[in-house]
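Chains as they are written, first to last, in the working numbering: chain X, 1 to 287; chain E, 1001 to 1352.
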């Protein structure tokens, strides 16, 4: 039986008259990766701030690991790791010193900073000052810092932002490893491909409300339109034809294409999360 | 657990402090500079007035001046030699009495006495010489001055105990050393906000009160160690050691509170520098009073550092005891509490 690690009920938060989070409800199971998607200003950061104890909920309540965040935030924080979107590292300290500082704050008795830095691909640069790191290296160190205390819950805000494809992929693998270890992961990202690949479920946040919450597959089934992209060759020229699936006339259309045209390639195509977000909210995820 | 968190933060801040080249070097260089300045300055006051005399045929006057305490007088045989000595500034002041001085005085006439002054002689010295010449006239004629003299000392009685400049500067130097820590502490706090490292800290078991306590301990510690070291080296702890140590400790609390206030007012490092320098200048004003008594008006007493300067000055230079400066201690504690509380409350609101 899966146990819900994060339970959020009727949570609201407003800055003055601006309602940033509007009565949201969701649950995240143990070892689940929940993608929290939404454009800038949708309320993602505020939700994360409330759940990580940086802001106190004004309405509703949330429990993490069965503990109320308003009453047991210190115990909850001891069990969570947070990776912020913007690098907030001690630049005049080395990567190793940064990690060791946080390991001491979490009172970790045994901590191997070298091993953790190797995991994020920073081996050999452990004692370099962070000020001399590239943006991508800082981002990897941010991820490493969130893993210092082997947290039960990880809040990762754009963890692959600014990374080259190889580094981003290694971080994604690390996230999957953390899930295998037993961590529950709350992932905020703009990268729909990443959300699709990593997340068990995704929540679409729009104007402070959750517009949709389900597995990427179900959302695509429910809101997306599957199609075939057929490339044909006609008089030495290449042309593309798109055939919408799930329609009664689809088999005939496909059969006709294959019999009458010289088909070069056929690709199935399904709606992206970006398309679905647009369909549900009428807004784009990225500007 | 709390002590462990606070110690971890203090170690981290100490590391960052030593790696901030500007503030670290400023602190070390400042300390060395102030100690150096102290020892370079003369340790005694030059209380002797050098006076040249040309008084032909008047050995009584010459002898009385030569033997007078506080005057290093030399008799010149010719007027030309006297003028030459003044021109070379070997004797900044000289008096030439006319040969017929006594005859003229006896006849009730006004003899002309020429006073030669070098260009560097102050107005005060001119006044003193005029009085001296009149006294010499009475000495020469053997008449007592028909005056009854009374003396009243206003302010600290320095009579017979002139304080060397370097000792007068001790409170000022102490203020400068402490003032530097306003900037250092404010910079440490402000950087934490500016680089948003505070958010990373506050999602760990560490809480704001741990953070403020660690910063306060570090601020007080850095300021206190430096100013104490300075006072030990310059001999400022030779009298009322415990009271002076207490005053310096409270002074360290005062500048730490000021550091919190500056950090709460500033949005970035530029703000820290601007607000910090402003506060340092305000802190410095009462130190001028320590160097030049009487220069400050009563309003200077409302400045928080006045009480620190006056307490240090009285303890180190005028032999004061705890009872004499206990009022200052209380007022400094009040200012420290006001600065710290207002700074911490503002910062707390900003962090949240």
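Glycine included, each C-beta is placed from N, C-alpha and C at the ideal position.
Assigned secondary structure, residue i (DSSP; H/G/I helix, E/B strand, else coil)
| i | result |
| --- | --- |
| residue 1058 of chain E | coil |
| residue 237 of chain X | strand |
| residue 1317 of chain E | helix |
| residue 183 of chain X | coil |
| residue 1176 of chain E | helix |
| residue 158 of chain X | coil |
| residue 1034 of chain E | helix |
| residue 52 of chain X | coil |
| residue 1221 of chain E | helix |
| residue 1052 of chain E | strand |
| residue 1289 of chain E | helix |
| residue 129 of chain X | strand |
| residue 1194 of chain E | helix |
| residue 3 of chain X | coil |
| residue 1011 of chain E | helix |
| residue 1243 of chain E | helix |
| residue 12 of chain X | strand |
| residue 34 of chain X | strand |
| residue 1262 of chain E | helix |
| residue 1017 of chain E | helix |
| residue 21 of chain X | strand |
| residue 1256 of chain E | helix |
| residue 115 of chain X | helix |
| residue 1187 of chain E | helix |
Beta-carbon gap between residue i and residue j smaller than 9 Å
| i | j | result |
| --- | --- | --- |
| residue 76 of chain X | residue 53 of chain X | yes |
| residue 148 of chain X | residue 102 of chain X | yes |
| residue 117 of chain X | residue 154 of chain X | no |
| residue 1322 of chain E | residue 1257 of chain E | no |
| residue 1311 of chain E | residue 1247 of chain E | yes |
| residue 6 of chain X | residue 63 of chain X | yes |
| residue 1133 of chain E | residue 1113 of chain E | yes |
| residue 176 of chain X | residue 83 of chain X | no |
| residue 1347 of chain E | residue 1193 of chain E | yes |
| residue 24 of chain X | residue 210 of chain X | yes |
| residue 57 of chain X | residue 50 of chain X | yes |
| residue 1101 of chain E | residue 1052 of chain E | no |
| residue 264 of chain X | residue 228 of chain X | no |
| residue 152 of chain X | residue 188 of chain X | no |
Length of the line joining the Cα atoms of residue i and residue j
| i | j | result |
| --- | --- | --- |
| residue 190 of chain X | residue 219 of chain X | 17 Å |
| residue 274 of chain X | residue 32 of chain X | 22 Å |
| residue 1263 of chain E | residue 1335 of chain E | 17 Å |
| residue 37 of chain X | residue 285 of chain X | 8 Å |
| residue 1212 of chain E | residue 109 of chain X | 25 Å |
| residue 198 of chain X | residue 1265 of chain E | 44 Å |
| residue 1315 of chain E | residue 1243 of chain E | 8 Å |
| residue 1163 of chain E | residue 1042 of chain E | 11 Å |
| residue 1217 of chain E | residue 1010 of chain E | 8 Å |
| residue 261 of chain X | residue 230 of chain X | 10 Å |
| residue 1284 of chain E | residue 1167 of chain E | 17 Å |
| residue 202 of chain X | residue 182 of chain X | 19 Å |
| residue 1021 of chain E | residue 1165 of chain E | 32 Å |
| residue 68 of chain X | residue 1328 of chain E | 49 Å |
| residue 279 of chain X | residue 224 of chain X | 9 Å |
| residue 1351 of chain E | residue 92 of chain X | 22 Å |
| residue 1209 of chain E | residue 173 of chain X | 38 Å |
| residue 1072 of chain E | residue 1050 of chain E | 5 Å |
| residue 1157 of chain E | residue 1230 of chain E | Residue confidence for residue 1157 of chain E is low, a pLDDT of 47 falling below 50, so the modelled location carries little weight and cannot support an answer. |
| residue 1027 of chain E | residue 3 of chain X | 56 Å |
| residue 1172 of chain E | residue 1214 of chain E | 28 Å |
| residue 1054 of chain E | residue 1130 of chain E | 16 Å |
If contact means a Cβ-Cβ distance below 9 Å, which residues of the region 77-111 of chain X contact chain E? 77, 78, 80, 81, 82, 84, 86, 87, 88, 89, 90, 91, 92, 93, 97, 101, 102, 104, 105, 106, 107
Report the start-end ranges of each alpha helix (DSSP H) in the region 194-276 of chain X that is 4 residues or longer and not cut off at the edges. 216-223, 250-260
List in chain order: all unbroken beta strand (DSSP E) runs of 3+ residues lying wholly within the region 1074-1139 of chain E. 1093-1096, 1114-1117
For the region 1013-1033 of chain E, which residues have a CB atom closer than 9 Å to at least one CB atom of chain X, in sequence order? 1015, 1016, 1019, 1020
Please list the residues of the region 44-70 of chain X that have a C-beta atom closer than 7 Å to any C-beta atom in chain E, keeping them in chain order. 52, 53, 54
Which full runs of the alpha helix (DSSP H) of 4+ residues lie inside the region 40-98 of chain X, going along the chain? 44-51, 73-77
Chain X contacts from the region 1197-1217 of chain E (Cβ-Cβ distance under 9 Å): 1197, 1198, 1199, 1200, 1201, 1202, 1203, 1204, 1205, 1206, 1207
Chain X contacts made by the region 1221-1243 of chain E, where a contact means CB separation under 7 Å: none
In chain order, what residues of the region 176-196 of chain X put their CB closer than 8 Å to some CB of chain E? none
Taking a Cβ distance cut-off of 7 Å, strictly less, list which residues of the region 225-258 of chain X are near chain E, in chain order. none
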